Each structure stands twice: as structure tokens, then as C-alpha cells.
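Numbering (the working numbering), first residue to last: 499 to 752.
Here a beta-carbon is modelled for each residue, glycine too, at the ideal position from N, C-alpha and C.
All figures in this text were calculated on a predicted structure; none of them were measured in a lab.
Structure, as C-alpha cells:
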């Protein structure tokens, strides 16, 4: 189910979908009316999703659900930063091996730690195609930025947000904690943690919704649209998964 989710999600992204439609158009070139429709559909997808207004229309509703969190943390301080990609071959420094999204999340996580006292930082994420897990690289980057290694907890086996929530629940139970992830991903992440009965306090980072010239078409807008569509598809997948899941939270990650 994990890989099926990934494949279906990717096929619904703007560029793969547009290329697929164009490929179908080429294969059935003799049927001119259908070919024209498919080519027009591909053109429309790229036009809207790479535009400033199209990107903002998709991204803003996600990012406006949870504002930045500047509230001081009282009592036990736990900050969890969800993983989001790295490449351990890029450079010797962990801070440069993290993706831009992961680094933005980690930066916000450290800011959240400064709002409490004696905080623990939880980092997570498996390696995927990389020899080193995301959690390890994130932890090394945090140490490089001044966090004491004794205050860091790693979940190097978690493949997605569902598994990250499971590992954290096993670690801290129902204690409250600050959840740091990208603003577009926050609504879906909160759905998961709340469904598992955890007291997550949102602390979004990496806001990408931008107002600008409506006619501007670029890859940045297309990437923002792609990330937003990924989240909408992910939320739909979760609703279906939760509807058919048992009451056992562990079953959600299967």
C-alpha cells in the first residue's frame, strides 16, 4: 500500500500527468479531435499550475489553516521536526545535505525550542535511496547549529508521517508537543496526529504561497502547485484509509 500510494500520487502531479496526456495523444494521432482535446488539456494544466494565481489558489487554503506559532512552551518541552529529504553525497556538512524544505523545518524546530526550557528535539525519516537516514542527517545538522546531542531523539526507520506519528506515540504517549512541518503539509500531519489521539501543537514552516503578477509562469509556481496537489491527494487517501482502518493505530501504517 505504501508504494501504491507513492505511484498514484506521482501520476497525478502536473508534469507527469501532462506528459502522459501528450503521450496518449501521440499514440492515437489519427483520431484528431481526441488528440486536440488531450493536447489542449495538457496545455491548460501547465498554464494554470505554473501561473502565480493558479499556484496561490491551490496553496493558500492549505497554509492559512495553521498560522505561525510564537506561544511560549510551558512544562515539558518536546519539539518534533518531520523529515523531508536529503542527499549525503552533496557535501561534508549535514546542514548542506538537507533539502531546502528539511532545512526550513529544522530552523523552525530550533526556534520552537527557544520558546521553552530544557527542550528535546525529535527528528525522523528513513534513508530512502540514501545510505544514511534522514533522521541521522537532521540530527547532525541540529548539532552543527548548536543543539546538544543528548537532547536529540531519532526515528530513522519512519517512512512517512503515519509511521512518524506511531514512533512518537510510543516514545511520549499523550504528552503535548510542538509539531514542525511545512505549512502545506501541516493540515494532513495534524489529521494524522489527532486521529491517533496525540496533543500536537502546530508550528508550520516553509510557507510558499506567494502573491504576484498573475501572468508570471515559472517552475517555482509549478512546484508549489505540485506540492499542494500532493497534499490534497494525501488528505483524500487518509480519509479513505481512516474510514476502513480498525481502532488499532498501528494498523494505519500498513
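A residue is called buried when at least 16 other Cβ atoms come within 10 angstroms of its Cβ; residue 565 does not meet this threshold and is exposed. Residue 637 sits in a helix when the DSSP states are folded into three classes.
Boundaries for residue 700: no alpha helix (DSSP H) harbours it, while the beta strand (DSSP E) harbouring it runs 698-703, taken from the DSSP string. In the displayed model, residue 615 falls within coil according to three-state DSSP, outside both helix and strand.
The C-alpha of residue 558 is placed about 30 Å away from the C-alpha of residue 639. Nearest to residue 547 by C-alpha distance, out of 572, 728, 575, is 728. Ranked by how close their Cα comes to the Cα of residue 511, the residues 599, 666, 544, 618 have 544 in first place. Comparing alpha carbon positions, the residue from 685, 620, 627 closest to residue 648 is 620. As summarised for the region 650-736, the continuous alpha helix (DSSP H) elements at least 4 residues long and confined to that stretch are 659-670, 684-693, given in chain order. Buried is the label assigned to residue 719, since at least 16 other Cβ atoms lie within 10 Å of its Cβ. Scanning its chain for C-beta atoms nearer than 7 Å, with the 5 sequence neighbours on each side dropped, one finds around residue 635 the residues 584, 586, 592, 595, 596, in chain order.
Ranking 527, 708, 673, 622 by CA distance to the CA of residue 561 puts 708 first.
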